[in-house]
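Visitor: Structure in structure tokens, see below.
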Amino acid sequence: MNLTATRPYLFPYIFGILINLLVININCYAQTTYKEKYIPVGAFEFSVATGLGSISNPIKHAEDIPLYILPTFSYYGERFYMHNLDLGYNLFEGKDWYLDIASSADFYGLFHLNYDDAKLFGGMSSPMNRLPQQQVERPSIDRKLSYLAGIKTAYSINNYEVEFKALSDITSTHNGQLYALTLKRFVWSDFGNLSLAISAQYLTSDYSAYYFNTRETDFPVNMGPQDFVKEAALNYSGQIDYQYHLTQDLDLIAFIRTEFIDDAVTEEIQPVDNKIISYFLGVNWKIL
Amino acid sequence: MNYYKIISCICLLCSSTLAFATVQDGWLKSFTLKPQECLIPMEFNECNINIFFNWITYKPMRACLFKMYDDIPLYCNNKKSKEVSINRRLLITQETIFILRPLNENLSEHEASLGLLKMENKQIRRRRKHPWSLF
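Chains as they are written, first to last, in my numbering: chain B, 306 to 593; chain H, 9 to 143.
If you want it as structure tokens, here you go:
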């Protein structure tokens with residue numbers, strides 16, 4: 306399935322459907338569900354999803370990131386929790402809202418991974434994003450993964466959730482910050498579980514310029530006076546997740562996510578595609 | 009003497025009948041549901057849960073699954089089979105008993121229960137992501 310070729314036609318429909326699903330009244334269950342929304346303290350879970358998927362790479366001439374195997378592990382203690390590379394410490398959790406100290410791996414750094422870096426994610430996907438040979442004449446773009454930490458809070462009412470997070474780079478990679486506001490809706494039904502989300506992410510100029518623009522240090526020789534753009538970015542994204550219980554231990558899962566990268570970033574020296582499309586369709590095996 | 013023979017025959021007949029009933033009543037090898045409890049925070053009163061029912065019989069047969077006090081079955085297998093697996097999403101407000109009733113009325117029905125566990129916030133956590141979420 307080549308989503309790249311169908312992008313211009315696909316996006317308006319995806320976003321239109323998503324926004325409609327977020328607001329219309331769907332005949333579904335509004336109550337809480339066992340192990341879908343809550344988990345006992347001390348529980349450790351491990352699952353492996355196999356299927357077919359991809360994350361499109363917005364960096365020009367770079368390859369998309371294939372997704373074949375997605376291992377997921379999570380642990381929820383009394384206050385500490387982890388979900389893959391996300392770590393958190395709960396400060397407050399009430400009926401409707403929570404406040405956490407949270408941290409997570411940077412998403413945009415994935416697009417600059419080379420083969421050696423990709424080995425770290427060997428279980429997650431196949432080798433990804435090698436810059437092709439014709440890029441020899443291009444500036445040498447070397448970007449590292451970063452890790453972010455900050456606060457995260459969410460408020461839930463019925464099947465809606467509003468989440469806000471403010472994270473800052475703690476690895477001194479770009480010293481930027483990320484602020485994200487997300488609206489989610491959950492739909493539980495006999496035909497499967499749906500999660501719909503729209504989100505706005507604000508990346509400070511240090512952050513966005515590091516991953517989406519060229520820098521002076523990218524060029525082997527002095528390029529002379531140039532405008533190396535360093536602007537903040539406001540990215541929007543929409544995501545649909547679907548889960549259907551096949552058996553007690555097997556789920557059919559699917560997701561599609563589209564992120565629009567701010568034009569302020571994409572029009573500058575280092576051209577990038579202004580969209581990131583991620584999708585996956587597979588079977589998830591709950592091992593623990 | 010004749011009375012003795014008659015009484016013996018009646019006893020023999022009764023015991024064989026009882027034995028037959030016992031064998032016939034052991035029609036069900038297993039009847040399970042998963043999960044066996046629904047976990048919700050103390051403040052909530054209801055639980056919407058996806059339950060997997062499974063039953064295995066010694067011989068292929070038809071049976072119906074009921075929620076206790078409901079006259080309409082949740083499921084009946086139309087064809088005779090030795091093993092049935094289904095899942096149903098249900099809304100429960102208290103401990104709920106499910107009944108597996110064979111279509112042959114001479115056989116006994118069997119029960120399995122689903123508990124509703126209300127837990128303090130210290131014992132339960134709200135997930136921050138889907139169990140299989142990448143983002």
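We put the CB at the ideal spot given by N, CA and C, even for glycine.
State the beta-bridge partners of K42(H) as determined by DSSP.
Guide: F60(H)
Visitor: Does the beta-carbon distance from N395(B) to R70(H) come in below 9 angstroms?
Guide: no
Visitor: Using the Cβ count rule (16 or more neighbours within 10 Å means buried), how would you classify A505(B)?
Guide: exposed
Visitor: Below 7 angstroms CB to CB, which residues in the same chain sit around T552(B) once its five sequence neighbours on both sides are set aside?
Guide: none
Visitor: Reducing DSSP to helix, strand and coil, say where K130(H) ends up.
Guide: It is helical.
Visitor: Confirm, please, whether the CB-CB distance from F52(H) to L73(H) is below 9 angstroms.
Guide: no
Visitor: Name, going along the chain, the residues of the region 41 to 68 of chain H whose beta-carbon falls closer than 8 angstroms to a beta-carbon of chain B.
Guide: Those residues of the region 41 to 68 of chain H that come within reach of chain B (Cβ to Cβ, closer than 8 angstroms) are K42, P43, E45, C46, L47, I48, P49, E51, F52, E54, C55, N56, I57, N58, F60.
Visitor: Using a threshold of 9 angstroms, state whether the C-beta atoms of M472(B) and L450(B) are closer than that.
Guide: The question names Met, but residue 472(B) in the sequence shown is Leu. Not in contact: L472(B) and L450(B) (Cβ atoms no closer than 9 angstroms).
Visitor: Between which residues of its own chain and Q482(B) is the CB-CB distance below 6 angstroms, once the five residues before and five after are set aside?
Guide: S473, T509
Visitor: Alpha carbon to alpha carbon, what distance is there between S116(H) and T355(B)?
Guide: Their backbone Cα atoms lie some 44 angstroms apart in a straight line.
Visitor: Mind checking if T30(H) is an interface residue toward chain B, Cβ cutoff 9 angstroms exclusive?
Guide: Its pLDDT being 38, under 50, T30(H) is placed unreliably by the model, and the measurement read from it follows with that caveat. Answer no: the Cβ-Cβ gap between T30(H) and chain B never drops below 9 angstroms.
Visitor: Determine the closest residue to Y516(B) out of L557(B), H550(B), D578(B), with distance taken between C-alpha atoms.
Guide: For Y516(B), the nearest C-alpha among the options comes from D578(B).
Visitor: Taking C-beta to C-beta, are L539(B) and Y507(B) nearer than 9 angstroms?
Guide: yes
Visitor: Identify every residue that forms a DSSP beta bridge with E564(B).
Guide: S542(B), I581(B)
Visitor: Are the C-beta of V595(B) and some C-beta of chain H separated by less than 9 angstroms?
Guide: Because chain B is modelled from 306 through 593, residue 595(B) falls outside the range shown and cannot be assessed.
Visitor: Applying a beta-carbon distance threshold of less than 7 angstroms, which residues of chain H neighbour N589(B)?
Guide: W140
Visitor: Please confirm if the region 490 to 502 of chain B is in contact with the region 395 to 411 of chain B, defined as three or more CB-CB distances below 8 angstroms between the two stretches.
Guide: As far as the Cβ criterion goes, the region 490 to 502 of chain B does not touch the region 395 to 411 of chain B, which means the pair count is below three.
Visitor: Select from the region 468 to 500 of chain B all residues with a C-beta closer than 8 angstroms to any C-beta belonging to chain H, and list them in chain order.
Guide: W493, S494, D495, S500
Visitor: Can you list, in chain order, the residues of the region 123 to 138 of chain H whose Cβ is nearer than 8 angstroms to any Cβ on chain B?
Guide: M127, N129, K130, Q131, I132, R133, R134, R135, R136, K137, H138
Visitor: Could you tell me which chain H residues have their CB closer than 8 angstroms to the CB of G393(B), listed as they occur along the chain?
Guide: R136
Visitor: Please list, in chain order, the residues of the region 540 to 558 of chain B that have any C-beta partner in chain H closer than 8 angstroms.
Guide: Q544, D546, Q548, H550, T552, Q553, D556, I558
Visitor: For the beta strand (DSSP E) containing S500(B), list its first residue and its last residue.
Guide: In the DSSP assignment, S500(B) falls within the unbroken beta strand (DSSP E) covering 497 to 508.
Visitor: What's the call for D567(B), buried or exposed, on a 16-neighbour Cβ count within 10 Å?
Guide: Classification for D567(B): buried.
Visitor: Starting from the beta carbon of N95(H), find every residue of chain B whose beta carbon is closer than 7 angstroms, and list them in chain order.
Guide: H550
Visitor: Pick helix, strand or coil for A485(B), following the three-state DSSP scheme.
Guide: strand
Visitor: Suppose only complete runs of 3+ residues qualify. What are the beta strand (DSSP E) ranges in the region 456 to 481 of chain B, listed by chain order?
Guide: List check, beta strand (DSSP E) in window: 465 to 474.
Visitor: When you compare the CB positions of L142(H) and I48(H), do they come within less than 9 angstroms of one another, or not?
Guide: no
Visitor: Within its chain, find whatever has a CB closer than 7 angstroms to the CB of M387(B); leave out the 5 residues flanking it on each side and keep chain order.
Guide: Spatial neighbours of M387(B) in its own chain (CB-CB distance under 7 angstroms, excluding positions within 5 residues in sequence) are listed in chain order as S379, Y380.
Visitor: Between which two residues does the beta strand (DSSP E) harbouring R135(H) extend?
Guide: Per DSSP, R135(H) belongs to no beta strand (DSSP E) and is neither H nor E.
Visitor: For A29(H) and P81(H), what's the separation of their Cα atoms in angstroms?
Guide: Unreliable positioning characterises A29(H) in this predicted model, as indicated by a pLDDT of 36, which lies under 50. A coordinate reading is not provided.
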